[in-house]
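Contents: one structure, followed by commentary.
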Amino acid sequence: MGQLNIASNLTLNWTPDPACTWGNIAIKIFYKGVESRFLSDSTLSSYDTTLSYIVPDNGSYTISSTDLQKLKRNSLVTLTIGRGSQIQAVLPVSLKRVFYYATSAVSTYTLTLKCTANWQNTGLTQCQVNGSGFNTGYQLVQQKDVSPCSPTYNLLQWVTGSYNVSACPLPVSLQGYDSKTINYKVAFTNTSTNTVYNFVLNANTNTYYGVGQIPNGNYNVAFSALGQPTSSTFYANGYTQYGLSASFTNIPFTATSDIYVK
217 MGQLNIASNL TLNWTPDPAC TWGNIAIKIF YKGVESRFLS DSTLSSYDTT
267 LSYIVPDNGS YTISSTDLQK LKRNSLVTLT IGRGSQIQAV LPVSLKRVFY
317 YATSAVSTYT LTLKCTANWQ NTGLTQCQVN GSGFNTGYQL VQQKDVSPCS
367 PTYNLLQWVT GSYNVSACPL PVSLQGYDSK TINYKVAFTN TSTNTVYNFV
417 LNANTNTYYG VGQIPNGNYN VAFSALGQPT SSTFYANGYT QYGLSASFTN
467 IPFTATSDIY VK
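Using this note's numbering, read the sequence shown as starting at 217 and increasing by one per residue.
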């Protein structure tokens, strides 16, 4: 069984017949009420319905999605297109106008009407983060389903957009060491979010090792001893202080950076 997406316009194409004296084409979409209700969706109407069009025999006609959505999602239909020289008549009792395809007609197999979502960007973006809360470099783009017949109509979703480290800068890797005999705690306070990231520099490490990561940004950095301190040199990404502890203000961290105590 085929499908027809009613969220989009339907364009029909055929070969025109110059010998068609009537000069028109009859198009009919027939909704099978009973079959639709019992074989597809029990909420659908059991009454048959027909969408009919009389159009010039010029080889093409487009049925709008607005018209198609007069029929419900999950409906079972057949589509017939035909031409003839004498295809209109009025029934004598009901006065209904009917069409007879005197020359030729072709019909589809039964089709199931479906309605796909139409996700459109809302203009909002945000940065994608990993499980640690750090930017991956990719932007997320918010989208909204604007297809009225879709089951997800008006819902929002976020999809992965472009890789943009200018808008979503990657986290900064910290490397450091502590040549003293006690550990030192190093607290990074982000000056924009006030989020604090705490690390420990391990004592008796005289070469750089990976300490951790922080989001790209400006930080207040505080060194404090986890034991009895002695006068030391404290270093944070190009800035130096000397004493028993250290406190640096508004230091930018935008790339791999060094911290140490010695």
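Don't be surprised by glycine CBs; every beta carbon is placed ideally from N, CA and C.
When you compare only the Cα positions, how much space is there between asparagine 346 and alanine 383?
Roughly 16 angstroms separates the two Cα atoms.
Quick one: using the 10 Å Cβ neighbour count with 16 as the cut-off for buried, is serine 473 buried or exposed?
Label assigned to serine 473: buried.
Leaving out the 5 sequence neighbours to the left and right, which residues in its chain are closer than 8 angstroms to threonine 324 when beta-carbon positions are compared?
Closer than 8 angstroms at the Cβ level, and outside the excluded window around threonine 324, lie Gly218, Thr294, Leu295 and Thr296.
Measure the beta-carbon distance from glycine 377 to tyrosine 413 and round it to whole angstroms, keeping in mind my assumption that it falls under 8 angstroms.
With 8 angstroms as the limit, glycine 377 and tyrosine 413 do not qualify as a contact, their Cβ atoms being about 27 angstroms apart.
Since serine 447 contacts serine 461 with CB under 8 angstroms, what's their CB separation in whole angstroms?
Not a contact, Cβ separation roughly 10 angstroms.
For serine 479, which residues in the same chain have their Cβ closer than 6 angstroms to its Cβ, ignoring the five residues on either side in sequence?
Because the chain here runs from 217 to 478, residue 479 falls outside it and cannot be looked at.
Under 8 angstroms between C-beta atoms, does glycine 353 make it to chain D?
Reference to chain D is not applicable here, since this structure consists of a single protein chain.
Going by beta-carbon coordinates alone, are leucine 226 and leucine 284 separated by less than 8 angstroms?
Against a cut-off of 8 angstroms, the Cβ pair of leucine 284 and leucine 226 comes out as a contact.
Can you list the beta strand (DSSP E) stretches of 3 or more residues lying completely in the region 324 to 375, in chain order?
327 to 330, 335 to 345 and 351 to 361, all fully within the region 324 to 375.
Under a three-way DSSP split, which group does arginine 253 fall into?
Residue state, collapsed to three classes: helix.
Could you give the DSSP three-state label for threonine 282: helix, strand or coil?
Three-state DSSP puts threonine 282 in a helix.
Does the region 388 to 405 come close enough to the region 365 to 380 to have 3 or more Cβ pairs within less than 8 angstroms?
The region 388 to 405 is not in contact with the region 365 to 380.
Taking the CB atoms as reference points, tell me whether threonine 407 and asparagine 432 lie closer together than 8 angstroms.
No, they are not a contact pair.
Answer with buried or exposed for alanine 235, where buried requires no fewer than 16 other C-beta atoms within 10 angstroms of its C-beta.
It is exposed - the Cβ of alanine 235 has fewer than 16 other Cβ atoms within 10 Å.
Taking the continuous beta strand (DSSP E) assigned at arginine 299, which residues delimit it?
Segment 292 to 299, the beta strand (DSSP E) holding arginine 299.
Contact check, serine 281 vs isoleucine 222 under 8 angstroms by CB: the rounded distance?
6 angstroms between Cβ atoms; contact.
Do you know how far the Cα of asparagine 290 is from the Cα of asparagine 434?
Cα to Cα, asparagine 434 sits roughly 56 angstroms from asparagine 290.
Would alanine 242 and glycine 298 be called neighbours here (beta carbons separated by less than 8 angstroms)?
Yes, these two residues count as a Cβ contact at 8 angstroms.
Taking all protein chains shown into account, decide if asparagine 410 is buried (16 or more other Cβ within 10 angstroms of its Cβ) or exposed.
That one is exposed.
Beta strand (DSSP E) containing isoleucine 467: first to last residue?
Note, isoleucine 467: beta strand (DSSP E), 462 to 469.
For glutamine 373 and valine 357, what's the separation of their Cα atoms in angstroms?
Distance between the alpha carbons of glutamine 373 and valine 357: 8 angstroms.
For serine 252, does the count of other Cβ atoms within 10 angstroms reach 16, so buried, or fall short, so exposed?
Buried is the call here.
Assuming threonine 465 and asparagine 436 make a contact with CB atoms under 8 angstroms, what is their CB distance in whole Å?
Between asparagine 436 and threonine 465 the Cβ distance is about 5 angstroms, and since that is below 8 angstroms, they are a contact.
Does the separation of the CB atoms of isoleucine 475 and alanine 452 fall below 8 angstroms?
Their beta carbons are under 8 angstroms apart, which means isoleucine 475 touches alanine 452 by this criterion.
In whole angstroms, give me the CA-to-CA distance for glutamine 359 and tryptophan 335.
Each residue's Cα considered, the two are about 6 angstroms apart.
When burial is assigned at 16 or more other CB atoms within 10 Å of the CB, is phenylalanine 450 buried or exposed?
Per the 10 Å Cβ criterion, buried.
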